[in-house]
Amino acid sequence: MSGGPVLCYHRVGGPLELGVTRVGRAVFARQMTALAKAGWKTLSLAQFAHRLQPGNSASRIPHSALLLTFDDGYASLAQHAYPVLAELGFSATTFLITDHVGASNTWDVRYTWRPLAHLDWRAVERWQQRGFDFASHTASHARLTWLDDARVADELGRARETLVHRLGAAAGRAIAYPFGAADTRVERLARSAGYELGFGGVRGNGGAMSVPRVPVYLWDAGNVPLGLRADGLGSVGRFVAHLANRCAVGTSWMLKLRRRISTESLPPSPRPPSHDIPCPRRSSLP
Ligand SMILES: [Zn+2]
């Protein structure tokens, strides 16, 4: 069962970063132009979902069709990516972190000098009217596999409710798991929250709730992104992307530690003065 290849970009253009998920505007435009010239078409989320259903993959939609996705919903997409796509007759699906729409990326480790802005609802609605799809990347970009059932359900359900309320039922169809991190428990909870499609990392199992995607990272600057190449270089590229995806665990640990630290640095509740010197709470480290 395959709906076709799924590429996953994060940020296009804008300030440079210490991380690897930013692709330059010129590189992105060159890649999209090369794909269009080679006859590739982009799928809407509804077309992709239709192709995933048994017996539909060989439908009238051309073989060289792909789903183009963006994670996190940075504001710079509306400036540097969407206009390029619209010009070529392409569209894309963007996975939004619903608590941060119209705000900045305080959910992330700082890889840039200043915090980055996210798309606001007005921009989202404007591009939705032009045929672009929007879907869920949870409420706060939590690593779902590390949360208990109730918190997973809250992250998934709250995000879906907001999207359906703001953008209509179709925006509640799909979820991209933050960091590509999902397991059968998370997939089951996503389905019970109402999602029909779940997008994971490079090695999804191909089921509707574990659709594999190939991320396009900084080094993937050729005309054809490595995820679409059938040759040896393509296999190497997909393997490296898989490793990079796994390395995102480091980012999750840093964020977890930061949350712990900020919780622990809250003003203490009033108590009698003490001369004890507090020891680091070793057991509280992740
Ligand atoms: Zn993300």
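Quick note on numbering: this note's numbering labels position 217 of the sequence shown as 208, and the sequence is numbered without any gaps. Every residue, glycine too, gets a C-beta built ideally from N, C-alpha and C. Treat the numbers as computed from the prediction; the structure is a model and nothing was measured.
Check, Outcome
"So within the region 65 to 113, which uninterrupted alpha helix (DSSP H) runs reach at least 4 residues, ignoring any that extend past its ends?", "73 to 79"
"Mind checking whether the beta-carbon of residue 167 lies closer than 8 Å to any heavy atom of ligand 1?", "yes"
"So what does DSSP say about residue 292, is it helix, strand or coil?", "Residue 292 cannot be examined here, being either before or after the span of the chain that is shown, -8 to 277."
"Report buried or exposed for residue 116, applying the criterion of at least 16 other Cβ atoms within 10 angstroms of its Cβ.", "exposed"
"Under three-state DSSP, which class holds residue 205?", "strand"
"Is residue -1 buried or exposed, if buried means 16 or more other CB atoms sit within 10 Å of its CB?", "buried"
"Going by Cα to Cα distance, which pick from 19, 24, 175, 198 is closest to residue 2?", "19"
"Is residue 256 helix, strand or coil when you go by DSSP?", "The pLDDT assigned to residue 256 is 49, lower than 50, so where the model puts this residue is not dependable; a value taken from the coordinates is nonetheless given after this. Reduced to three states, the DSSP call for residue 256 is coil."
"For ligand 1, is there any heavy atom lying closer than 8 Å to the beta carbon of residue 139?", "no"
"Return the chain-ordered list of same chain residues with a C-beta closer than 7 Å to the C-beta of residue 94, the five sequence neighbours on each side being excluded.", "109"
"Is it right to say residue 126 is buried, meaning 16 or more other beta carbons lie within 10 angstroms of its own, or is it exposed?", "buried"
"With respect to 8 Å, is the separation between the Cβ of residue 91 and the closest non-hydrogen atom of ligand 1 below this value?", "no"
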